[in-house]
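These notes concern the structure reproduced below.
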Amino acid sequence: MNLAADSLPPFSVSSFFTEASLDSWLAVALVLAAGLYLYGVHRLRVRGDSWPVVRTIAFIGPGLGGIAAVTVSGLHAYDTAMLSVHMIQHMVLSMVAPIFLALGAPVTLALRTLPQRARKVLLAVVHSRIVRVYSYPLVAFAIFVVNPFALYFTGLYEMSLRSDLIHEVVHAHFIATGCVFFWPLVGHDPLPNRWQYPARALLMLLSVPFHTVLGLTIMQSKTLLGGDWYPGLNLSWADPWADQVTAGGILWAGGEFVSVTMLAVLVVQWVKQSEREARRVDRELDRQEARQRAAETTS
139 MNLAADSLPP
149 FSVSSFFTEA
159 SLDSWLAVAL
169 VLAAGLYLYG
179 VHRLRVRGDS
189 WPVVRTIAFI
199 GPGLGGIAAV
209 TVSGLHAYDT
219 AMLSVHMIQH
229 MVLSMVAPIF
239 LALGAPVTLA
249 LRTLPQRARK
259 VLLAVVHSRI
269 VRVYSYPLVA
279 FAIFVVNPFA
289 LYFTGLYEMS
299 LRSDLIHEVV
309 HAHFIATGCV
319 FFWPLVGHDP
329 LPNRWQYPAR
339 ALLMLLSVPF
349 HTVLGLTIMQ
359 SKTLLGGDWY
369 PGLNLSWADP
379 WADQVTAGGI
389 LWAGGEFVSV
399 TMLAVLVVQW
409 VKQSEREARR
419 VDRELDRQEA
429 RQRAAETTS
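Our numbering applies: residue 139 is where the sequence shown begins, and numbers increase by one.
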């Protein structure tokens, strides 16, 4: 994969900056996505419409910025040299960045700014059969849970270490899987198959044991993930066995932290929705009362 992996200096905080590389296609894609999003916000403001600042911050900052932090920073140089670094990438790409991308509501922004024909095409895609199937919460949950086991306990992970193309596909797959799972749970976009908040919270809660099981399994495994790849690098400053234990711990602790945080976000959204519904009911009752008084006055 990385021909210079065996000559990397020991990983440190400074490596995050000194080993950064901005010449990848992903860096271009991230800049393009940020530019299109900001252009959409600009178009809304030019015509006098508002767009929540918090959505822009979520999408550009922890969303796209989170992806950039683990793919074009110095972490990327070590993602085939240390399993623990790869696991940080895994967590951010599949469980952190997708949440904030969803909170940024890019589909809603596009629907409000695109020309009518393009808007119809986008709506057709969002409500297409394939999107309905893959975004159905139980299907998305199964994909989200099964994929890491399929990656790490088959030969696919070692293949991704030895092939640039497969490695990049795995990164894209992490992002896509996370988006498919989290978008219907916390996103603001008009997606199909959106469940009520109690069911969303239950689904999030059910994901916690799987990260625990996967993390502990990796920590206790008697076989190195990636076969002989990591020992073959002969890094004097890294122990593949110790690093694998660290990687499993990152997956375990990180998965539980994100899941619990997500539960908190869902509860907050649930409370806000209940408050909005209560205000709507109050307004409707006020209107009915006003109409009743008016009818009594005229009679």
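For glycine and all other residues, C-beta sits at the position ideal for the given N, C-alpha and C.
Buried/exposed call for residue i, threshold 16 Cβ in 10 Å
i, result
"Ala240", "buried"
"Ser273", "buried"
"Ser397", "buried"
"Pro253", "exposed"
"Tyr175", "buried"
"Val179", "buried"
"Gln227", "buried"
"Tyr340", "Before going further, note that residue 340 is Leu rather than Tyr in the sequence given. Exposed, since its Cβ has fewer than 16 Cβ neighbours within 10 Å."
"Arg183", "exposed"
"Ile268", "exposed"
"Thr436", "exposed"
"Asp217", "buried"
"Gly393", "buried"
Distance, residue j Cα to residue i Cα
i, j, result
"Leu401", "Gly316", "16 Å"
"Arg425", "Ser412", "20 Å"
"Phe320", "Trp367", "33 Å"
"Met484", "Leu289", "Past the boundaries of the shown model lies residue 484; the chain is included only from 139 to 437, so the question cannot be answered."
"Val383", "Thr350", "13 Å"
"Pro330", "Ala391", "32 Å"
"Ala171", "Glu434", "59 Å"
"Glu296", "Pro286", "13 Å"
"Asn140", "Leu352", "The predicted position of Asn140 is uncertain, since its pLDDT is 47 and thus under 50; no value can be drawn from it."
"Met229", "Ala310", "13 Å"
Simplified DSSP state of residue i, which is helix, strand or coil
i, result
"Phe395", "helix"
"Ser159", "coil"
"Asp424", "helix"
"Thr436", "helix"
"Ser232", "helix"
"Ser266", "coil"
"Asp187", "coil"
"Tyr274", "coil"
"Gly242", "coil"
"Trp375", "coil"
"Asp381", "helix"
"Met225", "helix"
"Leu299", "helix"
"Leu249", "helix"
"Leu146", "coil"
"Phe279", "helix"
"Ala219", "coil"
Unbroken alpha helix (DSSP H) runs of length 4 or more, entirely within the segment 303-372: which are they?
List check, alpha helix (DSSP H) in window: 335-358, 367-371.
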